[in-house]
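Colleague:
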Amino acid sequence: MANNNKFKFKKSFYLAAQDMSIEDRAKFYDAIMEYGLFGKKPELDDVLMAAFENIKMDFEVTKNV
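Numbering (my numbering), first residue to last: 3 to 67.
#1: Can you give me the start and stop residues for the alpha helix (DSSP H) that residue 26 sits inside?
#2: Around the C-beta of residue 16, are 16 or more other C-beta atoms found within 10 angstroms, so that it is buried, or is it exposed?
#3: Any idea if residue 19 is buried or exposed, counting beta-carbon neighbours within 10 angstroms, 16 or more meaning buried?
#4: Could you check whether residue 61 and residue 11 sit closer than 8 angstroms to each other, using their CB atoms as the reference points?
Okay, here's the thing in C-alpha cells:
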C-alpha cells in the first residue's frame, strides 16, 4: 500500500472524527492520509488508535479498487 497517489476517503472516516477535538481530529486525519498514501502505520494514543483501527479495514478492502 506504499506510495499510492490516491485512496478513497469515505464518509465513515469523516463521521468517526466528528466527536474529536480539533487537535485530535487533525492527528486522526493525518494518520489516515499517511496510511492511505504511504502505508505508514500511525503512532497515536489509545483512543485515536482505536478509532483508526475501526476504519483500517476499509483501506484493506478498497486498496486495489
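Cβ coordinates follow ideal geometry from the N, Cα and C atoms, glycine included. A quick note: this is a predicted structure, and the numbers were derived from the prediction, not measured.
Modeller: Checking against the coordinates, here is how it stands:
#1: Membership of residue 26 in the alpha helix (DSSP H) is indicated by the continuous run 24-40.
#2: Per the 10 Å Cβ criterion, exposed.
#3: Residue 19 should be labelled buried.
#4: Residue 61 is positioned such that its CB atom lies no closer than 8 angstroms to that of residue 11.
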